[in-house]
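**Student:** Below is one structure. I have some questions about it.
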Amino acid sequence: MRIDQADLFEGMERLFIMGFMALTAEARYKKGDFIFHAGDNADYFYTLVDGCVKISVGDDEIEVYELNHSGEAFGLSSILDRNYYFASASCLEPTQLLKIEGNSLNQFLQDHPKNSSIFYKRIANRLAQRLVECYKII
Numbered sequence: 004m005r006i007d008q009a010d011l012f013e014g015m016e017r018l019f020i021m022g023f024m025a026l027t028a029e030a031r032y033k034k035g036d037f038i039f040h041a042g043d044n045a046d047y048f049y050t051l052v053d054g055c056v057k058i059s060v061g062d063d064e065i066e067v068y069e070l071n072h073s074g075e076a077f078g079l080s081s082i083l084d085r086n087y088y089f090a091s092a093s094c095l096e097p098t099q100l101l102k103i104e105g106n107s108l109n110q111f112l113q114d115h116p117k118n119s120s121i122f123y124k125r126i127a128n129r130l131a132q133r134l135v136e137c138y139k140i141i
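Heads up: take any position in the sequence shown, counting from 1, add 3, and you land on my numbering.
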C-alpha cells in the first residue's frame, strides 16, 4: 500500500520505513462510521490513505479538525502514553486507513531511536499545526 510518505518519513532510513509499513494493517470504513469514540481505549495509531476523517470533541461531536490528505496521522494517544482517545474520529466519506497497534509501534520506535526521534518531531509538528487550526475556530 502506498501513501504520501514525503512529509512523515522524510530523512528516515529506508529499512525503518519498511519496518514501519510491515506493522500496518489496512482498514476500510463507510461514510458515517466511527473509527473510535472519545474515551475508547487508545489501541491504534492511524494513517489516512484515502477519504476524509473528522476529529471531534464533546457530546455534540464538535469538529476540531478534518483529515483529508494521504499520509495524515491520527490516534496519537496510542503512542503518547495515554490510555484512551481524547477525541472521536468519524468518516465523512468512504475512507481507507492504515492502522498500527500502539504497543507494537511503541516497541518498534524504541528499537530504532535515531529514526524515532525524527518521527516524534514530525508528530509534534503536526500537533502544532492542528493546534493553530483549533485557535482559528476559537
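Glycine is no exception: its CB is placed at the ideal position from the N, C-alpha and C atoms.
Every value quoted in this text rests on a predicted model; they were computed, and no experiment measured them.
Quick check: the Cα distance between alanine 90 and threonine 27, rounded to an integer number of angstroms?
**Tutor:** Answer to the nearest angstrom: the Cα atoms are 22 angstroms apart.
**Student:** May I ask you to report which of helix, strand or coil DSSP gives arginine 133?
**Tutor:** Note: arginine 133 maps to helix in three-state DSSP.
**Student:** Drop a sphere of 10 angstroms on the beta-carbon of alanine 45, count the other beta-carbons inside from all chains shown, and report buried for 16 or more, exposed for fewer.
**Tutor:** By the 10 Å Cβ count, alanine 45 comes out buried.
**Student:** Cβ of serine 93 within 9 angstroms of Cβ of aspartate 36?
**Tutor:** Closer than 9 angstroms, so yes.
**Student:** Can you list, in chain order, the residues of its chain with a C-beta nearer than 6 angstroms to that of glycine 14? Leave out the 5 residues immediately preceding and following it.
**Tutor:** Correct list, in chain order: Ile121.
**Student:** Go ahead and pull the three-state DSSP assignment for phenylalanine 89.
**Tutor:** Note: phenylalanine 89 maps to coil in three-state DSSP.
**Student:** Could you tell me whether the segment 72-92 touches the segment 49-62, where touching means 3 or more Cβ pairs closer than 8 angstroms?
**Tutor:** The segment 72-92 vs the segment 49-62: in contact.
**Student:** Checking the sheet assignment: what are the DSSP bridge partners for threonine 98?
**Tutor:** Tyr32.
**Student:** Could you compute how far the alpha carbon of isoleucine 6 sits from the alpha carbon of threonine 50?
**Tutor:** With a pLDDT of only 45 at isoleucine 6, under 50, the local geometry of the prediction cannot be trusted, and the value read off the model is given with reservation. When rounded, the distance between both Cα atoms is 8 angstroms.
**Student:** Report the CB separation of glycine 78 from tyrosine 47 in whole angstroms; it is logged as a contact under 8 angstroms.
**Tutor:** Contact flag correct, Cβ pair sits at about 5 angstroms.
**Student:** Which two residues bound the contiguous alpha helix (DSSP H) that contains isoleucine 20?
**Tutor:** Counting along the chain, the alpha helix (DSSP H) containing isoleucine 20 begins and ends at 17-25.
**Student:** Who are the near neighbours of asparagine 71 in its chain, counting only those whose CB is closer than 7 angstroms to its CB and skipping five residues on each side?
**Tutor:** Closer than 7 angstroms at the Cβ level, and outside the excluded window around asparagine 71, lie Cys55.
**Student:** For arginine 87, I'd like the list of residues in its chain whose CB is within less than 8 angstroms of its CB, leaving aside the five on either flank, ordered along the chain.
**Tutor:** Sequence inspection shows tyrosine at residue 87; the arginine mentioned does not correspond to that position. Correct list, in chain order: Ala41, Gly42, Asp43, Asn44, Ala45 and Ser80.
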